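Below: one structure, written as structure tokens.
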DNA sequence: TGACAGGTACATG
DNA sequence: CATGTACCTGTC
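Written as structure tokens, this is what we have:
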């Protein structure tokens, strides 16, 4: 099925570092690469996408698109309005918005986002993707997508909680493996209620998430932004720290962007780490 | 070779 | 509470 939209670029989103299982389709063994086609995996779902300008093709039926993917892509939000809010005298953010005008803040599955961003710490994106693929490949459930291609779901907390460090060793997670086991056990044993967390305000959700082993200030902000859609969350990593240091020595104008600073964070991150 | 990659836990003062 | 340091792993 086809849909039209502005300010959504699958390629930009795939490179934006907010999701790690959105990649060019084909490319690998068996399936021939269809130009410009991507496959997105989220929790236990698979979706193929193709884009031609403002027209995007999705492999799913209307019902699944309405009930899941529409919200996932934050379809009904006008990202042009966020970009228009940027101070025209702010040359840096103006350029960042232009370069990443197709980036959106996704609504990703909470558990997958927690584990993915624990893995992300002190790590680079290609290796993060490899680690996640290894975790899913070994411990996810095998399913078949609409084309008959096999894929693996993201293993749930109970599945990961049952593992040992030895089980995880082949995934090459390094010191993050014990963080993930501890966090999975907290979730599986009900020491934290993730359904409840998803209903909390930004500040409350962040505080709850930081109780998890391996989830500090920055990772909690990433989870709030990329899973819970608290777009006021503003994760500060090495790239954003560099941006703030070099382009906002008097401080970032949070007041001007109150309530959606996280969107600008993504434009900044993409510009700083992917474009430049 | 050593620094670096979307930081955090833990130990000190 | 603020600062310092070790930490898995792969790549340049």
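Residue numbers (the working numbering): 98 to 373.
Ideal placement from N, C-alpha and C gives every residue a C-beta, glycine not left out.
In this text the structure is predicted, and so the values were computed from the model without any measurement.
Going by beta carbons, residue 262 and residue 278 fall inside the 8 Å limit. In the structure shown, residue 162 adopts helical secondary structure according to DSSP, grouped into three states. Note that the C-beta distance between residue 363 and residue 202 is below 8 Å. Here the alpha carbon of residue 107 sits roughly 12 Å from the alpha carbon of residue 118.
Assignment of residue 303 by DSSP, reduced to helix, strand and coil, places it in the helix class. With fewer than 16 other CB atoms across the displayed protein chains lying within 10 angstroms of its CB, residue 351 is exposed. In the DSSP annotation of this structure, the continuous segment of the beta strand (DSSP E) that includes residue 153 starts and ends at 152 to 155.
Closest by C-alpha distance to residue 336, out of 344, 323, 306 and 370, is 370.
Residue state for residue 210 is assigned as helix, using DSSP reduced to three classes. Under the DSSP assignment, residue 148 falls in the beta strand (DSSP E) whose first and last residues are 142 to 149. When DSSP states are grouped into helix, strand and coil, residue 329 belongs to the coil group. In this model, residue 312 and residue 191 are separated by some 32 Å (Cα to Cα). In its chain, beyond the 5 residues on either side, 202, 357, 359 and 360 have a beta carbon closer than 6 Å to the beta carbon of residue 328. In the structure shown, the three-state DSSP call for residue 267 is helix.
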